[in-house]
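Before any comments, here is the structure.
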Amino acid sequence: MPRVKVPRKSTAIDMTAMCDVAFLLLTFFILTATARQPEPLPVDTPASTVKIKLPETDVATVTIGQGKIFFGVKGQQIRINMLDRISKRYNLQFTEQEKVRFSVVETFGVPVANLKQFIALSNDERNQEGLQPGIPADSTDNQLHEWILAARYATKELNNKDLRLSIKGDAKEEYPEIKKVIDIFQKQKINKFSLITSLRQAEK
Amino acid sequence: MAELDTSSGGSKKGGKVRSKKQSTRIDLTAMVDLAFLLITFFMLTTTLAKPQAMDLAMPDKDEDKPESKLEIADNRTMTILLGQNNRIEWYMGLVDNPKTPTVDNFGRNGIRKALIEKIKEVRGITGDPKKGLIVLIKPSDKSSYRNLVDILDEMKISDVQTYAIVDITNPEIGLMKRDGIYK
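If you want it as structure tokens, here you go:
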């Protein structure tokens, strides 16, 4: 009796379709990617049920955590313009190179006096925890007020839009710290702002 | 696996010299590998979850215009005091004569129940759906930022139209001290 021969099939697969899909996905992810910036001040935002997304442009974020205040504005041109205004206000001189270096920093928390040293640091050094002492916001030396003012003017000049301020606070932060920032906002007649929260997963 | 097939149909003896017919199949394995590697990289580095923003409007704080302060009926106002250890206390009316001061918790069985109850009650009193409950949120120094966001969230959940964050006063701190949620 002749043996039934099992035909041997080739193991080679047509990978064209798989390759197509892979590159399609790749293109999608490259185009939608906004690289995650390392945060110098990690905060754990409280959860809420609101589902409104923060806009991408014309937004400034005041980060409050561990008793420190950090500040950040979206947009490189706005940051350069803001630095110009601050340098005028505090009589500091920055070179073009320093301005460009500053413009890539998303969030910072150093007093104006240390700004030059801060700009000279490399990106990794800047984000070391505890290196940035926070922006002073006392009534005697209210630098946060000046930064916010500069950022608002810069946004108005460049984009002709009102800057939207948002507070990104750590959940455990005590209320007086938050109050201090809200008071600075209100002193500039900013009565509308956003609180950044994370999404609450399930209803309690 | 896929391989580059370069074999021609076998050489024929004699005859014309034919140019070799090359196969168009290419080994795609490496390319797919690379593509998936990059996909993985971009998937992990993108921030998919954009932060949520809770909009908040504070009452105008104009020291020059004290007359802009609005008088409101005290049977419509509910004051929520945020104390320590995630405890809250609420009362209706004025602090000199607080009606039903209650120490409460956050969450569904705590403040939300009271809020929904009071919304109904006030609507019954005024008889006008536009004149609903007014909530004054007064965070004390002992409360945390989480408490503030939680209570604002409760306002959104129970659909309170009018609410404001107001500075706390001494009688209210006294009230909280009495009930042991502020030391």
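First to last, the protein sequences are chains D and Z. Using this note's numbering, read the first sequence as starting at 1 and increasing by one per residue. Using this note's numbering, read the second sequence as starting at 205 and increasing by one per residue. Even for Gly, the Cβ is constructed at its ideal location relative to N, Cα and C.
- Query: Helix, strand or coil: how does DSSP classify Z:A368 here?
  - Reply: strand
| said: Rounded to the nearest angstrom, what separates Z:T330 and Z:I323 at their Cα positions? | reply: 11 Å
Check Z:S362 in the structure and name its three-state DSSP category. coil
Kindly list, in the order they appear in chain D, the residues whose Cβ is closer than 7 Å to that of Z:V364.
-> Simply none; closest approach about 14 Å.
### Query
Measuring CB to CB, does D:S48 end up less than 7 Å from Z:D237?
no
**Message:** Tell me the rounded alpha-carbon separation between D:F23 and D:D58.
**Reply:** 33 Å
Taking the beta strand (DSSP E) that Z:A261 falls in, what are its first and last residues?
Q256 to A261
Practice task
Assign D:K51 to one of two classes, buried (16 or more other C-beta atoms within 10 Å of its C-beta) or exposed (fewer than that).
Solution key: exposed
**Item:** Contact set between Z:M258 and chain D, taken where Cβ atoms lie within less than 7 Å
**Value:** S48, V50, S194, L195 and T197
* From the DSSP output, in three-state form, read off D:I196 for me. => strand
Exercise for the section: Could you name the residues of chain D that Z:D357 contacts, counting a contact when the two beta carbons are closer than 9 Å? Expected result: P46, A47, S48, T49, V50, T197 and R200
Along chain Z, in chain order, which residues have C-beta atoms closer than 8 Å to that of D:Q191?
-> Strictly speaking, residue 191 of chain D in this sequence is Asn, with Gln absent from that position. A261, M262, P263, D264 and K265, listed in chain order.
Self-check item: Reduced DSSP category for Z:R327 - H, G, I as helix; E, B as strand; rest coil
Solution: helix
From D:K180 to Z:N301, what distance separates their C-alpha atoms? 30 Å
- Item | Nearest candidate by alpha-carbon position, reference D:L41, set D:T107, D:K156, D:Q117 and D:Q143 | D:T107
Could you name the residues of the same chain whose beta carbon sits closer than 8 Å to that of D:G109, not counting the 5 residues immediately before and after it, in chain order?
P40, L41, T63, K68, I69, F70, F71, Q132, P133, G134 and I135
- Query: Z:R350 CB to nearest chain D CB: under 7 Å?
  - Reply: yes
Is there a C-beta anywhere in chain Z that falls below 7 Å from the one on D:K204?
Low local confidence applies: a pLDDT of 45 at D:K204 is under 50, so the model's placement there is unreliable, and no value is given.
Fill in: Contact with chain Z by D:I135, beta-carbon distance below 7 Å
no
| query | If D:K168 and D:I196 are in contact, beta carbons under 8 Å, what's the gap, nearest whole angstrom? | reply | 4 Å
- Message: Quick check: the Cα distance between D:N142 and D:S166, rounded to an integer number of angstroms?
- Response: 18 Å
message: What does the alpha-carbon distance come out to for the pair Z:V353 and Z:A261?
response: 13 Å
Exercise. Do Z:V370 and Z:K335 have their C-beta atoms within less than 7 Å of each other?
Worked result: no
Pull out every residue of the stretch 136–147 of chain D whose Cβ sits closer than 9 Å to any Cβ of chain Z, in chain order. none
Open item on the list: Between which two residues does the alpha helix (DSSP H) holding Z:D237 run?
Closed with: T233 to T249
Which one or two residues does DSSP pair with Z:A295 in a beta bridge? The sequence as given places Tyr at residue 295 of chain Z; Ala does not occur at that position. The partner list for Z:Y295 (beta bridge, DSSP) reads Z:T283.
Burial state of Z:Y295, where buried means 16 or more other Cβ atoms lie within 10 Å | buried
Checklist entry - How many angstroms separate the CA atom of Z:R291 from the CA atom of D:L163? => result 35 Å
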